[in-house]
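Residue numbers (mature numbering (1 follows the signal peptide of the UniProt record, and there is no 0)): -19 to -1, 1 to 561.
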(Lines of atoms letter the chains of each structure in order from A and count residues from 1; the text may use other names and numbers.)
(Lines give C-alpha, C1' and ligand atoms only; values in the text may rest on other atoms or scores of the structure.)
Protein backbone atom coordinates (compact mmCIF):
# COMPACT_ATOMS: atom_id res chain seq x y z
CA UNK A 1 0.00 0.00 0.00
CA UNK A 2 2.89 2.28 0.87
CA UNK A 3 4.46 1.67 -2.57
CA UNK A 4 1.15 2.50 -4.29
CA UNK A 5 0.87 5.74 -2.30
CA UNK A 6 4.40 6.78 -3.23
CA UNK A 7 3.75 5.93 -6.89
CA UNK A 8 0.56 7.98 -6.94
CA UNK A 9 2.39 10.84 -5.24
CA UNK A 10 5.18 10.73 -7.83
CA UNK A 11 2.65 10.68 -10.68
CA UNK A 12 0.84 13.60 -9.10
CA UNK A 13 4.04 15.63 -8.80
CA UNK A 14 4.93 14.86 -12.44
CA UNK A 15 1.49 15.84 -13.69
CA UNK A 16 1.63 18.99 -11.58
CA UNK A 17 4.95 19.98 -13.18
CA UNK A 18 3.76 19.32 -16.69
CA UNK A 19 0.57 21.29 -16.02
CA UNK A 20 2.58 24.48 -15.45
CA UNK A 21 1.72 26.92 -18.21
CA UNK A 22 3.32 30.21 -19.17
CA UNK A 23 0.94 33.14 -19.52
CA UNK A 24 1.74 36.36 -21.35
CA UNK A 25 0.58 39.92 -20.77
CA UNK A 26 1.39 42.59 -23.37
CA UNK A 27 1.65 46.22 -22.40
CA UNK A 28 0.51 49.20 -24.46
CA UNK A 29 2.26 49.82 -27.76
CA UNK A 30 4.55 52.84 -27.97
CA UNK A 31 6.89 54.27 -30.59
CA UNK A 32 10.62 54.94 -30.65
CA UNK A 33 12.85 56.73 -33.10
CA UNK A 34 13.37 54.95 -36.38
CA UNK A 35 16.77 53.28 -36.48
CA UNK A 36 16.92 52.07 -32.88
CA UNK A 37 20.04 49.94 -32.46
CA UNK A 38 18.83 47.62 -29.73
CA UNK A 39 16.12 47.11 -27.14
CA UNK A 40 16.51 45.33 -23.83
CA UNK A 41 14.72 45.07 -20.48
CA UNK A 42 17.50 45.80 -17.97
CA UNK A 43 15.81 46.02 -14.56
CA UNK A 44 12.57 45.69 -12.62
CA UNK A 45 11.55 46.81 -9.15
CA UNK A 46 8.35 47.20 -7.17
CA UNK A 47 7.40 50.29 -9.20
CA UNK A 48 7.88 49.04 -12.75
CA UNK A 49 10.09 47.86 -15.60
CA UNK A 50 13.10 49.67 -17.17
CA UNK A 51 13.91 49.39 -20.87
CA UNK A 52 17.16 50.39 -22.60
CA UNK A 53 17.02 51.63 -26.21
CA UNK A 54 20.19 52.53 -28.09
CA UNK A 55 20.28 54.94 -31.05
CA UNK A 56 22.55 57.28 -33.03
CA UNK A 57 22.54 61.03 -32.55
CA UNK A 58 24.49 63.88 -34.12
CA UNK A 59 27.93 64.55 -32.63
CA UNK A 60 29.02 67.39 -34.88
CA UNK A 61 28.15 69.00 -38.19
CA UNK A 62 30.55 70.20 -40.84
CA UNK A 63 30.03 71.76 -44.29
CA UNK A 64 30.63 68.45 -46.08
CA UNK A 65 29.64 65.89 -43.44
CA UNK A 66 28.06 65.16 -40.09
CA UNK A 67 29.53 62.93 -37.38
CA UNK A 68 27.42 60.64 -35.22
CA UNK A 69 27.75 59.16 -31.75
CA UNK A 70 25.94 56.47 -29.82
CA UNK A 71 23.30 57.58 -27.33
CA UNK A 72 20.42 55.89 -25.52
CA UNK A 73 16.98 56.27 -24.01
CA UNK A 74 15.72 54.91 -20.73
CA UNK A 75 12.05 54.01 -20.84
CA UNK A 76 10.17 53.18 -17.65
CA UNK A 77 6.92 51.20 -17.70
CA UNK A 78 4.60 50.74 -14.74
CA UNK A 79 3.35 47.39 -13.44
CA UNK A 80 0.75 47.34 -16.22
CA UNK A 81 3.57 47.87 -18.77
CA UNK A 82 2.34 51.34 -19.72
CA UNK A 83 4.90 54.09 -20.30
CA UNK A 84 5.74 56.29 -17.29
CA UNK A 85 8.61 58.35 -18.73
CA UNK A 86 11.28 58.42 -21.40
CA UNK A 87 14.66 60.16 -21.21
CA UNK A 88 17.13 60.18 -24.10
CA UNK A 89 20.18 61.55 -22.11
CA UNK A 90 21.44 63.29 -25.26
CA UNK A 91 22.46 66.42 -23.32
CA UNK A 92 24.05 64.45 -20.47
CA UNK A 93 26.07 62.38 -22.95
CA UNK A 94 27.47 65.32 -24.94
CA UNK A 95 31.12 64.62 -25.64
CA UNK A 96 30.71 61.04 -24.51
CA UNK A 97 29.69 57.71 -26.06
CA UNK A 98 26.91 55.73 -24.41
CA UNK A 99 28.07 52.35 -23.10
CA UNK A 100 25.15 50.81 -21.18
CA UNK A 101 22.79 50.96 -18.23
CA UNK A 102 23.62 48.61 -15.36
CA UNK A 103 21.51 47.58 -12.37
CA UNK A 104 23.61 47.07 -9.22
CA UNK A 105 21.50 46.07 -6.22
CA UNK A 106 18.81 48.79 -5.87
CA UNK A 107 20.73 51.36 -7.93
CA UNK A 108 20.60 51.97 -11.68
CA UNK A 109 23.85 53.26 -13.23
CA UNK A 110 24.56 54.86 -16.60
CA UNK A 111 28.01 54.19 -18.13
CA UNK A 112 29.67 56.29 -20.82
CA UNK A 113 33.13 56.59 -22.36
CA UNK A 114 35.24 59.51 -23.59
CA UNK A 115 38.33 59.25 -25.80
CA UNK A 116 41.08 61.88 -26.06
CA UNK A 117 43.01 61.64 -29.34
CA UNK A 118 45.72 63.99 -28.09
CA UNK A 119 46.45 61.87 -25.01
CA UNK A 120 45.39 58.51 -26.52
CA UNK A 121 43.34 57.90 -23.39
CA UNK A 122 39.95 56.25 -22.92
CA UNK A 123 38.06 57.22 -19.75
CA UNK A 124 35.03 55.32 -18.45
CA UNK A 125 32.47 57.29 -16.45
CA UNK A 126 29.39 56.31 -14.46
CA UNK A 127 26.49 58.21 -12.95
CA UNK A 128 23.48 57.12 -10.92
CA UNK A 129 20.05 57.47 -12.48
CA UNK A 130 17.09 58.54 -10.35
CA UNK A 131 14.61 55.76 -11.08
CA UNK A 132 11.65 57.93 -10.06
CA UNK A 133 12.03 60.49 -12.85
CA UNK A 134 14.78 59.08 -15.12
CA UNK A 135 17.18 62.00 -14.57
CA UNK A 136 20.81 61.76 -13.45
CA UNK A 137 20.98 61.76 -9.65
CA UNK A 138 24.45 63.29 -9.49
CA UNK A 139 27.62 64.17 -11.35
CA UNK A 140 29.65 61.86 -13.57
CA UNK A 141 32.30 59.85 -11.70
CA UNK A 142 35.42 58.47 -13.33
CA UNK A 143 35.51 54.70 -13.04
CA UNK A 144 38.81 53.92 -14.76
CA UNK A 145 41.01 54.94 -17.68
CA UNK A 146 43.12 53.17 -20.30
CA UNK A 147 46.15 54.45 -22.19
CA UNK A 148 47.26 53.55 -25.71
CA UNK A 149 51.01 53.18 -26.26
CA UNK A 150 50.66 53.31 -30.04
CA UNK A 151 48.06 55.05 -32.19
CA UNK A 152 47.01 51.75 -33.79
CA UNK A 153 46.37 50.04 -30.43
CA UNK A 154 42.77 49.05 -29.79
CA UNK A 155 41.04 49.48 -26.42
CA UNK A 156 38.36 46.94 -25.52
CA UNK A 157 36.35 46.81 -22.32
CA UNK A 158 33.25 45.15 -20.92
CA UNK A 159 31.19 45.61 -17.74
CA UNK A 160 29.93 42.41 -16.11
CA UNK A 161 28.33 41.54 -12.74
CA UNK A 162 30.33 39.75 -10.07
CA UNK A 163 29.33 36.21 -8.98
CA UNK A 164 26.34 37.29 -6.82
CA UNK A 165 25.46 40.45 -8.81
CA UNK A 166 26.08 42.76 -5.81
CA UNK A 167 28.97 44.56 -7.55
CA UNK A 168 30.16 45.23 -11.08
CA UNK A 169 33.47 44.29 -12.69
CA UNK A 170 35.26 46.14 -15.52
CA UNK A 171 37.31 43.89 -17.80
CA UNK A 172 39.59 45.61 -20.30
CA UNK A 173 42.39 44.97 -22.77
CA UNK A 174 44.65 47.23 -24.84
CA UNK A 175 45.38 45.13 -27.91
CA UNK A 176 48.22 45.76 -30.30
CA UNK A 177 51.15 45.33 -27.95
CA UNK A 178 53.69 42.55 -28.18
CA UNK A 179 51.59 40.64 -25.64
CA UNK A 180 47.95 41.32 -24.77
CA UNK A 181 47.19 42.29 -21.17
CA UNK A 182 43.84 41.94 -19.45
CA UNK A 183 42.86 44.19 -16.57
CA UNK A 184 40.10 43.26 -14.09
CA UNK A 185 38.75 45.56 -11.38
CA UNK A 186 35.72 45.30 -9.08
CA UNK A 187 33.49 48.20 -7.93
CA UNK A 188 30.58 48.52 -5.51
CA UNK A 189 27.22 50.19 -6.17
CA UNK A 190 28.61 53.61 -5.15
CA UNK A 191 31.22 53.32 -7.94
CA UNK A 192 34.00 52.82 -5.39
CA UNK A 193 36.84 50.46 -6.37
CA UNK A 194 37.24 47.34 -4.24
CA UNK A 195 41.01 47.31 -4.74
CA UNK A 196 43.72 47.84 -7.29
CA UNK A 197 43.25 46.54 -10.85
CA UNK A 198 44.39 42.96 -11.41
CA UNK A 199 46.59 42.67 -14.51
CA UNK A 200 46.88 39.34 -16.33
CA UNK A 201 49.21 38.58 -19.22
CA UNK A 202 50.16 35.41 -21.10
CA UNK A 203 52.87 34.21 -23.44
CA UNK A 204 50.78 34.09 -26.61
CA UNK A 205 51.11 36.37 -29.61
CA UNK A 206 48.09 38.72 -29.78
CA UNK A 207 46.94 37.38 -33.14
CA UNK A 208 47.15 33.78 -31.93
CA UNK A 209 44.95 34.21 -28.85
CA UNK A 210 41.25 35.12 -28.67
CA UNK A 211 39.50 35.67 -25.34
CA UNK A 212 36.14 33.88 -25.47
CA UNK A 213 34.91 34.18 -21.88
CA UNK A 214 35.88 35.40 -18.41
CA UNK A 215 34.40 34.25 -15.08
CA UNK A 216 34.81 36.12 -11.79
CA UNK A 217 34.22 33.91 -8.73
CA UNK A 218 32.97 34.72 -5.22
CA UNK A 219 36.53 34.52 -3.84
CA UNK A 220 37.72 36.92 -6.56
CA UNK A 221 39.44 34.30 -8.68
CA UNK A 222 39.53 34.96 -12.42
CA UNK A 223 39.00 32.24 -15.02
CA UNK A 224 39.97 32.97 -18.62
CA UNK A 225 38.66 30.85 -21.50
CA UNK A 226 40.75 31.49 -24.60
CA UNK A 227 41.13 30.11 -28.12
CA UNK A 228 44.64 29.34 -29.38
CA UNK A 229 45.17 29.84 -33.12
CA UNK A 230 48.03 29.08 -35.51
CA UNK A 231 48.79 29.73 -39.17
CA UNK A 232 47.68 27.14 -41.71
CA UNK A 233 50.54 25.09 -43.11
CA UNK A 234 51.81 26.18 -46.51
CA UNK A 235 50.12 29.60 -46.30
CA UNK A 236 51.52 33.06 -45.75
CA UNK A 237 51.39 34.36 -42.20
CA UNK A 238 48.26 36.43 -42.65
CA UNK A 239 45.28 36.74 -40.30
CA UNK A 240 42.92 35.07 -42.80
CA UNK A 241 44.99 31.87 -42.58
CA UNK A 242 44.82 31.60 -38.78
CA UNK A 243 43.08 28.38 -37.76
CA UNK A 244 41.69 27.36 -34.36
CA UNK A 245 43.90 24.80 -32.59
CA UNK A 246 42.63 24.22 -29.06
CA UNK A 247 41.12 25.88 -25.99
CA UNK A 248 43.19 27.38 -23.19
CA UNK A 249 41.49 27.61 -19.76
CA UNK A 250 43.45 29.11 -16.88
CA UNK A 251 42.57 30.02 -13.27
CA UNK A 252 44.21 33.06 -11.62
CA UNK A 253 44.13 34.18 -7.98
CA UNK A 254 42.95 37.59 -6.72
CA UNK A 255 46.39 39.08 -7.44
CA UNK A 256 46.50 37.83 -11.05
CA UNK A 257 48.93 34.97 -10.44
CA UNK A 258 48.19 31.84 -12.47
CA UNK A 259 47.21 28.93 -10.21
CA UNK A 260 46.36 26.19 -12.69
CA UNK A 261 45.58 25.36 -16.30
CA UNK A 262 42.75 23.00 -17.23
CA UNK A 263 43.74 20.38 -19.78
CA UNK A 264 41.44 20.49 -22.82
CA UNK A 265 43.24 17.80 -24.86
CA UNK A 266 41.26 14.82 -23.60
CA UNK A 267 41.59 11.26 -24.93
CA UNK A 268 42.82 12.50 -28.29
CA UNK A 269 39.63 14.50 -28.89
CA UNK A 270 39.65 17.94 -30.48
CA UNK A 271 37.30 20.43 -28.86
CA UNK A 272 35.56 22.67 -31.38
CA UNK A 273 33.18 24.63 -29.16
CA UNK A 274 32.97 25.00 -25.41
CA UNK A 275 31.09 26.76 -22.61
CA UNK A 276 32.16 27.17 -18.99
CA UNK A 277 29.62 27.87 -16.24
CA UNK A 278 30.25 28.45 -12.54
CA UNK A 279 27.54 27.01 -10.31
CA UNK A 280 26.67 29.03 -7.22
CA UNK A 281 29.07 28.00 -4.45
CA UNK A 282 29.83 24.78 -6.35
CA UNK A 283 31.76 23.40 -9.30
CA UNK A 284 32.77 24.62 -12.72
CA UNK A 285 30.81 22.92 -15.50
CA UNK A 286 32.66 22.50 -18.79
CA UNK A 287 30.59 21.47 -21.80
CA UNK A 288 32.33 20.89 -25.13
CA UNK A 289 31.65 19.45 -28.56
CA UNK A 290 34.52 17.38 -29.87
CA UNK A 291 35.71 15.97 -33.16
CA UNK A 292 37.74 12.81 -33.71
CA UNK A 293 39.96 14.69 -36.16
CA UNK A 294 42.02 17.82 -35.64
CA UNK A 295 40.45 19.61 -38.61
CA UNK A 296 37.16 17.75 -38.62
CA UNK A 297 34.28 19.51 -40.36
CA UNK A 298 31.70 17.87 -38.11
CA UNK A 299 31.09 17.21 -34.42
CA UNK A 300 31.35 13.59 -33.27
CA UNK A 301 30.49 13.83 -29.59
CA UNK A 302 29.71 15.77 -26.43
CA UNK A 303 32.03 16.08 -23.43
CA UNK A 304 30.92 17.33 -19.99
CA UNK A 305 33.27 17.81 -17.04
CA UNK A 306 32.85 18.95 -13.46
CA UNK A 307 35.91 20.84 -12.27
CA UNK A 308 36.96 22.00 -8.79
CA UNK A 309 37.41 25.79 -9.15
CA UNK A 310 39.88 25.86 -6.26
CA UNK A 311 42.55 23.55 -7.67
CA UNK A 312 41.38 23.04 -11.26
CA UNK A 313 41.19 19.25 -10.89
CA UNK A 314 38.58 17.32 -12.85
CA UNK A 315 35.93 15.77 -10.58
CA UNK A 316 34.03 13.80 -13.24
CA UNK A 317 34.05 13.35 -17.01
CA UNK A 318 31.23 12.22 -19.28
CA UNK A 319 31.47 11.53 -23.03
CA UNK A 320 28.75 10.69 -25.50
CA UNK A 321 29.11 9.93 -29.19
CA UNK A 322 26.44 11.68 -31.23
CA UNK A 323 25.75 11.46 -34.95
CA UNK A 324 23.77 12.95 -37.78
CA UNK A 325 20.82 10.59 -37.30
CA UNK A 326 19.77 12.79 -34.38
CA UNK A 327 19.45 15.81 -36.64
CA UNK A 328 16.73 16.73 -39.07
CA UNK A 329 16.67 14.44 -42.11
CA UNK A 330 16.11 17.39 -44.41
CA UNK A 331 15.90 21.14 -44.00
CA UNK A 332 13.44 21.55 -46.84
CA UNK A 333 13.62 24.43 -49.24
CA UNK A 334 10.30 25.69 -50.51
CA UNK A 335 8.55 23.64 -53.16
CA UNK A 336 6.32 25.00 -55.90
CA UNK A 337 3.28 24.52 -53.74
CA UNK A 338 4.64 26.37 -50.72
CA UNK A 339 3.28 29.69 -49.54
CA UNK A 340 5.06 32.93 -50.33
CA UNK A 341 6.55 32.95 -46.83
CA UNK A 342 8.66 29.89 -47.69
CA UNK A 343 9.98 30.93 -51.10
CA UNK A 344 13.70 31.50 -51.66
CA UNK A 345 15.57 33.25 -54.41
CA UNK A 346 17.85 31.18 -56.63
CA UNK A 347 20.90 32.74 -54.97
CA UNK A 348 19.61 32.02 -51.46
CA UNK A 349 18.77 28.42 -52.33
CA UNK A 350 22.19 27.83 -53.88
CA UNK A 351 23.96 29.17 -50.80
CA UNK A 352 21.76 27.19 -48.38
CA UNK A 353 22.35 23.95 -50.30
CA UNK A 354 26.10 24.57 -50.20
CA UNK A 355 26.01 25.09 -46.46
CA UNK A 356 23.87 21.99 -45.92
CA UNK A 357 26.44 19.99 -47.90
CA UNK A 358 29.07 20.94 -45.33
CA UNK A 359 26.98 19.27 -42.64
CA UNK A 360 26.25 16.16 -44.72
CA UNK A 361 29.84 15.39 -45.72
CA UNK A 362 30.16 12.99 -42.78
CA UNK A 363 28.09 11.32 -40.08
CA UNK A 364 28.37 14.01 -37.47
CA UNK A 365 26.81 17.17 -36.13
CA UNK A 366 27.53 20.39 -37.95
CA UNK A 367 30.63 22.23 -36.72
CA UNK A 368 28.34 25.24 -36.42
CA UNK A 369 26.65 23.84 -33.27
CA UNK A 370 27.06 26.40 -30.46
CA UNK A 371 26.26 26.25 -26.74
CA UNK A 372 23.64 28.70 -25.55
CA UNK A 373 22.67 27.99 -21.93
CA UNK A 374 23.47 25.60 -19.07
CA UNK A 375 20.86 25.23 -16.31
CA UNK A 376 21.43 23.64 -12.90
CA UNK A 377 18.64 21.25 -11.83
CA UNK A 378 17.19 20.61 -8.36
CA UNK A 379 19.08 17.28 -8.08
CA UNK A 380 22.44 19.00 -8.76
CA UNK A 381 22.53 17.93 -12.40
CA UNK A 382 22.61 20.22 -15.42
CA UNK A 383 20.67 20.62 -18.65
CA UNK A 384 22.71 21.91 -21.57
CA UNK A 385 21.12 23.73 -24.49
CA UNK A 386 22.90 24.19 -27.82
CA UNK A 387 21.91 25.41 -31.26
CA UNK A 388 23.23 25.13 -34.80
CA UNK A 389 24.14 28.69 -35.72
CA UNK A 390 25.58 30.22 -38.88
CA UNK A 391 26.25 33.83 -39.82
CA UNK A 392 27.21 34.65 -43.40
CA UNK A 393 26.82 37.27 -46.12
CA UNK A 394 25.73 37.30 -49.74
CA UNK A 395 25.10 39.98 -52.34
CA UNK A 396 22.03 40.34 -54.53
CA UNK A 397 20.84 42.71 -57.21
CA UNK A 398 17.60 44.58 -56.59
CA UNK A 399 15.52 46.55 -59.10
CA UNK A 400 15.72 50.28 -58.35
CA UNK A 401 13.63 51.70 -61.20
CA UNK A 402 13.64 52.78 -64.81
CA UNK A 403 16.08 55.34 -66.13
CA UNK A 404 15.44 58.27 -68.52
CA UNK A 405 16.34 56.13 -71.51
CA UNK A 406 13.91 53.41 -70.48
CA UNK A 407 16.65 51.11 -69.18
CA UNK A 408 15.97 49.31 -65.92
CA UNK A 409 18.53 49.92 -63.19
CA UNK A 410 19.72 47.56 -60.46
CA UNK A 411 21.64 47.96 -57.24
CA UNK A 412 23.83 45.36 -55.51
CA UNK A 413 23.13 45.09 -51.81
CA UNK A 414 24.98 43.09 -49.17
CA UNK A 415 22.80 40.98 -46.88
CA UNK A 416 23.81 39.66 -43.48
CA UNK A 417 22.14 36.31 -42.78
CA UNK A 418 21.66 34.66 -39.38
CA UNK A 419 20.55 31.03 -39.45
CA UNK A 420 19.48 29.48 -36.15
CA UNK A 421 19.05 25.75 -36.67
CA UNK A 422 18.36 22.61 -34.63
CA UNK A 423 17.94 22.90 -30.87
CA UNK A 424 19.81 20.28 -28.81
CA UNK A 425 19.02 19.60 -25.14
CA UNK A 426 21.15 17.24 -22.97
CA UNK A 427 20.77 16.23 -19.32
CA UNK A 428 23.84 15.43 -17.17
CA UNK A 429 23.25 14.06 -13.64
CA UNK A 430 25.29 14.93 -10.52
CA UNK A 431 27.58 11.92 -11.14
CA UNK A 432 28.42 13.13 -14.64
CA UNK A 433 26.31 10.61 -16.56
CA UNK A 434 24.25 11.65 -19.58
CA UNK A 435 20.60 11.03 -18.74
CA UNK A 436 18.77 12.03 -21.93
CA UNK A 437 19.35 13.86 -25.20
CA UNK A 438 16.71 15.56 -27.34
CA UNK A 439 17.02 17.29 -30.71
CA UNK A 440 14.21 19.55 -31.92
CA UNK A 441 14.47 20.39 -35.65
CA UNK A 442 14.06 24.05 -36.54
CA UNK A 443 15.43 26.42 -39.17
CA UNK A 444 14.99 30.14 -38.51
CA UNK A 445 16.59 32.64 -40.84
CA UNK A 446 16.88 36.39 -40.30
CA UNK A 447 18.22 38.76 -42.96
CA UNK A 448 19.40 42.35 -42.63
CA UNK A 449 20.64 44.58 -45.47
CA UNK A 450 23.97 45.97 -44.24
CA UNK A 451 25.32 47.82 -47.26
CA UNK A 452 25.07 48.70 -50.92
CA UNK A 453 28.53 47.81 -52.13
CA UNK A 454 29.38 46.66 -55.64
CA UNK A 455 29.93 43.02 -56.52
CA UNK A 456 27.79 40.03 -57.21
CA UNK A 457 27.46 36.39 -56.33
CA UNK A 458 27.60 34.79 -52.91
CA UNK A 459 30.32 34.96 -50.30
CA UNK A 460 30.44 32.90 -47.14
CA UNK A 461 32.03 33.64 -43.80
CA UNK A 462 31.40 32.47 -40.26
CA UNK A 463 31.80 35.28 -37.75
CA UNK A 464 33.37 34.37 -34.41
CA UNK A 465 32.12 36.54 -31.54
CA UNK A 466 34.76 37.17 -28.88
CA UNK A 467 34.32 38.25 -25.25
CA UNK A 468 34.36 41.99 -25.95
CA UNK A 469 31.92 41.88 -28.87
CA UNK A 470 28.43 43.06 -27.99
CA UNK A 471 25.66 42.48 -30.48
CA UNK A 472 21.96 41.79 -30.09
CA UNK A 473 21.63 40.23 -33.53
CA UNK A 474 19.73 38.19 -34.43
CA UNK A 475 16.61 39.82 -32.98
CA UNK A 476 13.81 37.35 -33.70
CA UNK A 477 15.39 33.91 -34.24
CA UNK A 478 17.02 31.72 -31.60
CA UNK A 479 15.13 30.93 -28.38
CA UNK A 480 14.58 32.06 -24.78
CA UNK A 481 14.11 29.95 -21.64
CA UNK A 482 12.28 30.27 -18.33
CA UNK A 483 13.19 27.68 -15.66
CA UNK A 484 10.48 26.95 -13.10
CA UNK A 485 10.07 24.03 -10.65
CA UNK A 486 11.77 21.32 -12.68
CA UNK A 487 10.44 22.49 -16.04
CA UNK A 488 12.28 24.42 -18.73
CA UNK A 489 9.91 26.50 -20.85
CA UNK A 490 11.56 27.21 -24.22
CA UNK A 491 10.07 30.04 -26.31
CA UNK A 492 10.78 30.28 -30.04
CA UNK A 493 9.35 31.82 -33.21
CA UNK A 494 8.67 29.27 -35.94
CA UNK A 495 6.83 28.64 -39.18
CA UNK A 496 3.18 27.73 -38.34
CA UNK A 497 3.58 24.60 -40.51
CA UNK A 498 6.08 23.23 -37.97
CA UNK A 499 3.50 23.04 -35.17
CA UNK A 500 3.73 19.23 -35.04
CA UNK A 501 7.54 18.98 -35.19
CA UNK A 502 8.74 17.44 -31.92
CA UNK A 503 11.53 14.99 -32.70
CA UNK A 504 14.74 14.55 -34.70
CA UNK A 505 14.31 13.42 -38.28
CA UNK A 506 11.11 15.31 -38.97
CA UNK A 507 11.11 17.68 -41.93
CA UNK A 508 10.81 21.37 -41.18
CA UNK A 509 9.88 24.47 -43.13
CA UNK A 510 12.08 27.56 -42.99
CA UNK A 511 10.90 30.38 -40.74
CA UNK A 512 12.03 33.42 -42.72
CA UNK A 513 9.32 36.06 -42.39
CA UNK A 514 9.36 36.04 -38.61
CA UNK A 515 6.82 38.85 -38.42
CA UNK A 516 4.28 36.27 -39.68
CA UNK A 517 5.52 33.42 -37.50
CA UNK A 518 3.92 31.81 -34.47
CA UNK A 519 5.56 31.77 -31.05
CA UNK A 520 5.60 28.26 -29.54
CA UNK A 521 6.46 26.98 -26.06
CA UNK A 522 8.34 23.72 -25.47
CA UNK A 523 7.81 22.64 -21.84
CA UNK A 524 10.64 20.23 -21.01
CA UNK A 525 10.75 17.99 -17.92
CA UNK A 526 14.30 18.23 -16.54
CA UNK A 527 14.27 14.65 -15.20
CA UNK A 528 12.93 12.74 -18.18
CA UNK A 529 13.50 15.02 -21.17
CA UNK A 530 9.89 14.59 -22.23
CA UNK A 531 8.27 17.74 -23.51
CA UNK A 532 5.16 19.19 -25.06
CA UNK A 533 4.96 21.78 -27.83
CA UNK A 534 2.12 24.28 -27.73
CA UNK A 535 1.07 27.38 -29.64
CA UNK A 536 1.62 30.53 -27.56
CA UNK A 537 0.64 33.48 -29.77
CA UNK A 538 0.64 34.76 -33.36
CA UNK A 539 3.29 37.40 -34.11
CA UNK A 540 0.94 39.00 -36.64
CA UNK A 541 -1.24 40.13 -33.72
CA UNK A 542 1.56 41.81 -31.75
CA UNK A 543 4.92 43.51 -32.42
CA UNK A 544 7.25 40.68 -33.45
CA UNK A 545 8.57 39.00 -30.28
CA UNK A 546 12.27 38.61 -29.43
CA UNK A 547 12.44 35.48 -27.22
CA UNK A 548 16.25 35.16 -27.44
CA UNK A 549 16.66 38.63 -25.94
CA UNK A 550 14.10 38.07 -23.18
CA UNK A 551 15.31 39.06 -19.69
CA UNK A 552 14.52 36.64 -16.86
CA UNK A 553 14.28 38.77 -13.72
CA UNK A 554 13.09 37.00 -10.61
CA UNK A 555 10.39 34.48 -11.54
CA UNK A 556 9.26 36.23 -14.73
CA UNK A 557 10.57 36.90 -18.22
CA UNK A 558 10.24 40.33 -19.79
CA UNK A 559 10.32 40.30 -23.57
CA UNK A 560 10.38 43.10 -26.13
CA UNK A 561 8.31 42.99 -29.31
CA UNK A 562 9.33 45.24 -32.20
CA UNK A 563 7.99 45.75 -35.71
CA UNK A 564 9.88 48.09 -38.04
CA UNK A 565 7.94 50.07 -40.61
CA UNK A 566 9.14 51.31 -43.99
CA UNK A 567 7.42 54.61 -43.31
CA UNK A 568 7.07 55.92 -39.79
CA UNK A 569 8.41 54.91 -36.40
CA UNK A 570 8.86 51.37 -35.12
CA UNK A 571 6.04 49.75 -33.18
CA UNK A 572 7.19 48.57 -29.73
CA UNK A 573 5.59 46.71 -26.82
CA UNK A 574 6.89 44.83 -23.78
CA UNK A 575 5.41 41.56 -22.53
CA UNK A 576 5.56 39.92 -19.12
CA UNK A 577 5.63 36.12 -19.13
CA UNK A 578 4.73 34.32 -15.90
CA UNK A 579 4.33 30.63 -15.06
CA UNK A 580 0.96 29.58 -13.64
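Just so you know, even glycine gets a beta-carbon here, dropped at the ideal spot from N, CA and C. These numbers come from a predicted model, not from an experiment.
1. Can you give me the C-alpha to C-alpha distance between residue 406 and residue 186, rounded to a whole angstrom?
2. Between the beta-carbon of residue 209 and the beta-carbon of residue 183, is there less than 8 Å?
3. Which residue from 510, 498, 393, 366 puts its Cα closest to that of residue 522?
4. Does the region 447 to 454 come within contact of the region 535 to 546, defined as at least 3 CB pairs closer than 8 Å?
5. Per DSSP, what are the beta-bridge partners of residue 241 in this structure?
6. Note down, in chain order, each residue of its chain lying with its Cβ closer than 6 Å to the Cβ of residue 175, except the 5 sequence neighbours on either side.
7. From the DSSP output, in three-state form, read off residue 518 for me.
8. With burial defined as no fewer than 16 other Cβ atoms inside 10 Å of the residue's Cβ, what is the status of residue 388: buried or exposed?
9. Do residue 35 and residue 79 count as a contact pair if the criterion is CB distance below 8 Å?
10. Take residue 233 and list the residues in its own chain whose beta-carbon comes closer than 8 Å to its own, dropping the five residues that flank it on each side.
11. In the structure shown, what three-state DSSP assignment does residue 222 receive?
12. Rounded to whole angstroms, how far is the Cβ of residue 59 from the Cβ of residue 65, which I believe are closer than 8 Å?
13. Helix, strand or coil, according to DSSP, for residue 496 in the structure here?
14. Report yes or no: do three or more beta-carbon pairs, one from the region 454 to 474 and one from the region 531 to 545, lie closer than 8 Å?
15. What is the rounded straight-line gap between the Cα of residue 223 and the Cα of residue 217?
16. Can you tell me which of the three DSSP states residue 537 falls into?
17. Roughly how many angstroms lie between the CA atoms of residue 282 and residue 245, to the nearest whole one?
18. Whose C-beta lies closer than 6 Å to the C-beta of residue 286 among residues of the same chain, with five residues either side of it excluded?
19. Kindly list the residues whose CB is nearer than 8 Å to the CB of residue 454, restricted to its own chain and excluding five residues on each side of it in sequence; keep chain order.
20. Going by C-alpha to C-alpha distance, which of 191, 144, 169 sits closest to residue 162?
21. Return the bridge partner residues of residue 484 from the DSSP annotation.
22. Alpha carbon to alpha carbon, how far is residue 199 from residue 144?
23. Quickly, what does DSSP pair residue 554 with across the bridge? List them, please.
24. What do you reckon, are the CB atoms on residue 90 and residue 107 nearer than 8 Å?
25. For the beta strand (DSSP E) holding residue 455, just list the boundary residues, first then last.
26. Give me, in chain order, the residues of the same chain whose beta-carbon lies closer than 7 Å to that of residue 422; leave out the 5 immediate sequence neighbours on both sides.
27. Alpha carbon to alpha carbon, how far is residue 42 from residue 123?
28. For residue 302, which option in 148, 349, 415 has the closest C-alpha, if you only look at C-alpha atoms?
29. Thinking just about the alpha-carbon of each residue, which of 372, 104, 361 is nearest to the one in residue 77?
30. Could you check what DSSP says for residue 477 in three-state terms: helix, strand or coil?
31. Only counting the same chain, and skipping five residues up and downstream in sequence, which positions put a Cβ closer than 8 Å to that of residue 412?
32. In chain order, what residues of the same chain have a beta carbon less than 6 Å from the beta carbon of residue 554, not counting five sequence neighbours either side?
33. When the Cα atoms are used, what is the spatial distance from residue 378 to residue 263?
34. Buried or exposed: which applies to residue 419, given that a residue is buried once 16 or more other Cβ atoms fall within 10 Å of its Cβ?
35. Report the option in 196, 495, 248 whose CA atom is closest to the CA atom of residue 477.
Let me spell this out:
1. 36 Å
2. no
3. 498
4. no
5. 232
6. 167
7. strand
8. exposed
9. yes
10. 179, 181, 202, 203, 204, 205, 239, 240
11. helix
12. 5 Å
13. helix
14. yes
15. 10 Å
16. strand
17. 15 Å
18. 267, 295, 298
19. 397, 399, 427, 429
20. 191
21. Note: residue 484 sits in no beta bridge, so no partner.
22. 5 Å
23. 542
24. yes
25. Premise fails: residue 455 is in no beta strand (DSSP E) and is neither H nor E.
26. 309, 403, 482, 485, 487, 489
27. Note that residue 42 scores a pLDDT of 38, beneath 50, so its modelled location is shaky and nothing firm can be said.
28. 415
29. 104
30. helix
31. 297
32. 7, 8, 10, 524, 542
33. 55 Å
34. buried
35. 495
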